[in-house]
Amino acid sequence: MIEVKNLTKVLPNGRKLLDGISFKVKKGEFVGILGPSGAGKTLTLRCLNGLLKPDSGEVIIDDELGIKHDICKVNKRELRHIRQRIGVIFQGYHLVKRLTALENVMIGRLGQINTFRSIIYGFTDEEAAEALKALEQVKIADLAGSKTGNLSGGEMQRVAIARAIFQSPTLLIADEPISNLDPSNAKTIMKLIRPLSEKIPVVGVFHQPEMTARYCSRVIAIKDGKVFYDGDPKLSNKKLAEIYGDELNLIEEREHMYMPNN
Amino acid sequence: MFKGYNLKRYRKYVLPLVILILVTEGASIVCKADFTSLEQGLLKGVSFIGFMFPPDWSAFGEMVQPAFQSIVIAFLGTVFGTLLAIVFALFAASNITNKWVRNITRFFIGLERSLPEIIIVLLLIAAFGLGPMAGILTLTLGCIGMIGKLLADVIEELDPVMMESMASVGANKLQVIIFGVLPQIMPNLISYTLFRFEINIRLSVILGAVGAGGIGYELDYSFGMLQYHRAFTALLVIIAMIFGTEHLSQRLRNKIKMEGALK
Numbered sequence: 001m002i003e004v005k006n007l008t009k010v011l012p013n014g015r016k017l018l019d020g021i022s023f024k025v026k027k028g029e030f031v032g033i034l035g036p037s038g039a040g041k042t043l044t045l046r047c048l049n050g051l052l053k054p055d056s057g058e059v060i061i062d063d064e065l066g067i068k069h070d071i072c073k074v075n076k077r078e079l080r081h082i083r084q085r086i087g088v089i090f091q092g093y094h095l096v097k098r099l100t101a102l103e104n105v106m107i108g109r110l111g112q113i114n115t116f117r118s119i120i121y122g123f124t125d126e127e128a129a130e131a132l133k134a135l136e137q138v139k140i141a142d143l144a145g146s147k148t149g150n151l152s153g154g155e156m157q158r159v160a161i162a163r164a165i166f167q168s169p170t171l172l173i174a175d176e177p178i179s180n181l182d183p184s185n186a187k188t189i190m191k192l193i194r195p196l197s198e199k200i201p202v203v204g205v206f207h208q209p210e211m212t213a214r215y216c217s218r219v220i221a222i223k224d225g226k227v228f229y230d231g232d233p234k235l236s237n238k239k240l241a242e243i244y245g246d247e248l249n250l251i252e253e254r255e256h257m258y259m260p261n262n
Numbered sequence: 263m264f265k266g267y268n269l270k271r272y273r274k275y276v277l278p279l280v281i282l283i284l285v286t287e288g289a290s291i292v293c294k295a296d297f298t299s300l301e302q303g304l305l306k307g308v309s310f311i312g313f314m315f316p317p318d319w320s321a322f323g324e325m326v327q328p329a330f331q332s333i334v335i336a337f338l339g340t341v342f343g344t345l346l347a348i349v350f351a352l353f354a355a356s357n358i359t360n361k362w363v364r365n366i367t368r369f370f371i372g373l374e375r376s377l378p379e380i381i382i383v384l385l386l387i388a389a390f391g392l393g394p395m396a397g398i399l400t401l402t403l404g405c406i407g408m409i410g411k412l413l414a415d416v417i418e419e420l421d422p423v424m425m426e427s428m429a430s431v432g433a434n435k436l437q438v439i440i441f442g443v444l445p446q447i448m449p450n451l452i453s454y455t456l457f458r459f460e461i462n463i464r465l466s467v468i469l470g471a472v473g474a475g476g477i478g479y480e481l482d483y484s485f486g487m488l489q490y491h492r493a494f495t496a497l498l499v500i501i502a503m504i505f506g507t508e509h510l511s512q513r514l515r516n517k518i519k520m521e522g523a524l525k
């Protein structure tokens with residue numbers, strides 16, 4: 001479970017980027033965060049794994065033993081420990097391009113193994129087999145030995161998901177995981193992420209309301225640094241217009257792209 | 263519409279050209295450069311080569327060992343220098359260390375590069391005495407100055423999202439360096455190292471002439487003893503040595519370029 005309480009982040013000039021954001025995500029939920037650009041979606045997400053420290057507020061996360069931590073108040077060492085169990089899928093291509101797909105998956109456990117062992121590339125055979133299994137789960141086991149830089153965008157995102165699976169995380173966060181993908185690849189990635197939410201909470205930032213309506217179990221809309229809507233993923237056009245304002249035209253254009261049959 | 267497409271457009275070059283000519287004339291007067299001696303000198307130079315001809319092949323046997331020593335000096339200097347340069351480059355990259363460490367490291371790297379190798383080797387000969395050690399250390403320092411600077415710039419341009427994503431699985435700095443930074447900079451590292459090896463081969467000859475051992479010393483000694491045929495042999499050995507290593511390193515680098523096409 002992850003609980004966010006009253007996150008605020010204020011720029012020195014007084015502009016409030018996050019203004020009291022609170023929500024709770026239980027296991028079994030696949031939450032999509034929507035909102036216009038600059039609303040604070042990615043900022044909120046970065047608070048969830050401590051990449052960004054909010055000015056005030058709490059982010060309570062259970063670790064693998066079920067102990068609660070406030071990620072905004074832990075020290076560096078504890079933060080590294082908690083992050084070992086937070087799977088992250090970033091926007092675009094965040095993998096090490098000159099390593100193979102399998103090696104990139106193994107990076108997911110770097111934090112969990114001892115530094116000396118990792119320096120001599122000392123992964124055990126069991127760990128390698130498990131990493132391969134994670135690649136099988138995302139259906140690209142045959143690409144395990146290819147250099148990641150040679151893979152397509154969709155394949156890279158699958159490696160990223162396999163890496164998150166290999167971490168055996170207690171929370172998965174995804175920052176615009178399908179933004180750079182074509183429609184059919186985007187659907188595949190959503191289909192791969194959704195079953196993960198059966199065991200752990202999954203929180204993702206998306207720009208495609210039609211995709212969150214289809215695959216997420218809940219939608220949170222953030223506008224001007226506040227939670228504007230929290231509930232059913234299927235949003236009415238009126239609600240979408242309220243959330244996105246002037247940006248809605250852009251979204252609708254893209255919706256056409258996603259549904260070529262209509 | 264097409265104005266200025268006639269001789270008039272050269273007007274703006276007239277004044278700078280006049281100034282350049284005056285300054286050049288003034289400079290050659292100041293340093294007493296005598297261009298009439300050019301013709302004479304050229305003739306002397308050509309006759310000097312004729313004087314050195316033919317090379318004294320009986321001395322070839324004596325050249326092999328010093329030539330080999332020069333190559334070993336260059337090789338060791340490159341290996342030690344590159345290893346140290348990686349460490350310096352990491353400390354000089356803002357995305358690995360903090361601002362202070364970066365700036366201090368960059369200052370030392372810059373300081374090294376501002377000193378010509380020939381001056382460094384004279385200082386080191388004073389400290390370590392004549393012999394290959396001073397040469398190896400000079401080349402090591404040279405490597406740090408050049409490769410350290412180039413690599414640090416490459417590291418600073420690495421994808422920040424890639425580094426962040428490694429930190430966000432709980433990896434520590436050392437692990438990020440080994441699994442993220444090193445694999446990504448490897449093509450640059452190899453190509454810079456080979457390039458520097460070529461430079462070091464040439465430098466090791468020059469450093470030898472001032473007393474750091476190797477084939478450079480043979481050349482200097484032969485000239486000093488007025489054994490011009492022997493000096494010519496040394497010169498041919500040096501040219502062959504440099505051509506050989508450059509050819510080899512060029513081939514290796516082309517191979518890496520093809521394999522490293524993806525970034």
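Protein chains in written order, with this note's numbering: chain A, 1 to 262; chain B, 263 to 525.
Each residue gets a CB set at the ideal place from its N, CA and C atoms; glycine is no exception.
Treat the numbers as computed from the prediction; the structure is a model and nothing was measured.
Nearest candidate by alpha-carbon position, reference residue i, set the options
i                      : options                    : result
residue 16 of chain A  : A/210, A/54, A/45          : A/54
residue 314 of chain B : B/324, B/498, B/431        : B/498
residue 425 of chain B : A/90, A/238, A/21          : A/90
residue 100 of chain A : A/143, A/87, A/21, A/26    : A/143
residue 188 of chain A : A/203, A/137, A/169, A/163 : A/137
residue 10 of chain A  : A/184, A/56, A/157         : A/56
residue 221 of chain A : A/24, A/34, A/12           : A/34
residue 378 of chain B : B/404, B/302, B/507        : B/404
residue 213 of chain A : A/223, A/191, A/201        : A/191
residue 490 of chain B : B/333, B/465, B/321        : B/321
residue 411 of chain B : B/308, B/352, B/482, B/270 : B/352
residue 52 of chain A  : A/237, A/185, A/76         : A/76
residue 332 of chain B : B/482, B/359, B/463, B/483 : B/463
residue 419 of chain B : B/431, B/399, B/443        : B/443
residue 456 of chain B : B/346, B/399, B/336, B/349 : B/336
Chain A residues whose Cβ lies nearer than 8 Å to that of residue i
i                      : result
residue 518 of chain B : Residues of chain A passing the Cβ test: none, with the nearest at roughly 12 Å.
Residues that residue i contacts on chain A, provided the C-beta gap is smaller than 7 Å
i                      : result
residue 208 of chain B : There is simply no residue 208 of chain B to check, as chain B begins at 263 and stops at 525 in what is shown.
residue 434 of chain B : 80, 115
residue 445 of chain B : 96, 98, 99
residue 437 of chain B : 110, 115, 118
Partner residues on chain B for residue i, Cβ-Cβ distance less than 7 Å
i                      : result
residue 158 of chain A : Those do not exist, as residue 158 of chain A stays about 15 Å from chain B at its closest Cβ, beyond 7 Å.
residue 84 of chain A  : 431, 432
Cross-chain neighbours of residue i in chain A, by beta carbon under 9 Å
i                      : result
residue 423 of chain B : 90, 91, 92, 93, 94
Local conformation of residue i per DSSP, three classes
i                      : result
residue 29 of chain A  : coil
residue 172 of chain A : strand
residue 507 of chain B : helix
residue 62 of chain A  : strand
residue 21 of chain A  : strand
residue 480 of chain B : helix
residue 415 of chain B : helix
residue 298 of chain B : coil
residue 524 of chain B : The predicted model places residue 524 of chain B with a pLDDT of 43, which falls under 50 and marks its position as unreliable; any figure quoted below should be read in that light. Note: residue 524 of chain B maps to coil in three-state DSSP.
residue 491 of chain B : helix
residue 142 of chain A : helix
residue 199 of chain A : coil
residue 124 of chain A : coil
residue 486 of chain B : helix
residue 381 of chain B : helix
residue 14 of chain A  : coil
residue 152 of chain A : coil
residue 114 of chain A : coil
residue 133 of chain A : helix
residue 231 of chain B : No answer is possible for residue 231 of chain B: the residues shown for chain B start at 263 and end at 525.
Heavy atom of the ligand HEM within 7 Å of residue i beta-carbon
i                      : result
residue 517 of chain B : The ligand HEM is not part of the structure shown, which contains no ligands of any sort.
Contact list for residue i against chain B, beta-carbon separation under 9 Å
i                      : result
residue 107 of chain A : 427, 428, 431, 433, 437, 441, 442
Within chain B, the residues that residue i reaches when beta carbons sit closer than 8 Å
i                      : result
residue 167 of chain A : 431
- Report the residues of the stretch 182-212 of chain A with a CB closer than 8 Å to any CB of chain B, ordered along the chain. none
- Query: What are the complete beta strand (DSSP E) segments, minimum 3 residues, inside the stretch 72-109 of chain A?
  - Reply: 86-89
- Task: Return the residues of the stretch 33-67 of chain A that lie within a Cβ-Cβ distance of less than 9 Å from chain B, sorted by chain order.
- Result: 49, 50, 51
- Which ranges does the alpha helix (DSSP H) cover as unbroken runs of at least 4 residues, wholly within the stretch 306-379 of chain B, from first to last along the chain? 322-353, 361-376
- Task: Counting only runs of 4+ residues fully inside the stretch 218-245 of chain A, write out the alpha helix (DSSP H) ranges in chain order.
- Result: 237-244
- Between the stretch 398-431 of chain B and chain A, which residues of the former have CB atoms less than 7 Å from a CB of the latter, in chain order? 423, 424, 426, 427, 428, 430, 431
- chain A contacts from the stretch 446-465 of chain B (Cβ-Cβ distance under 7 Å): 446, 448
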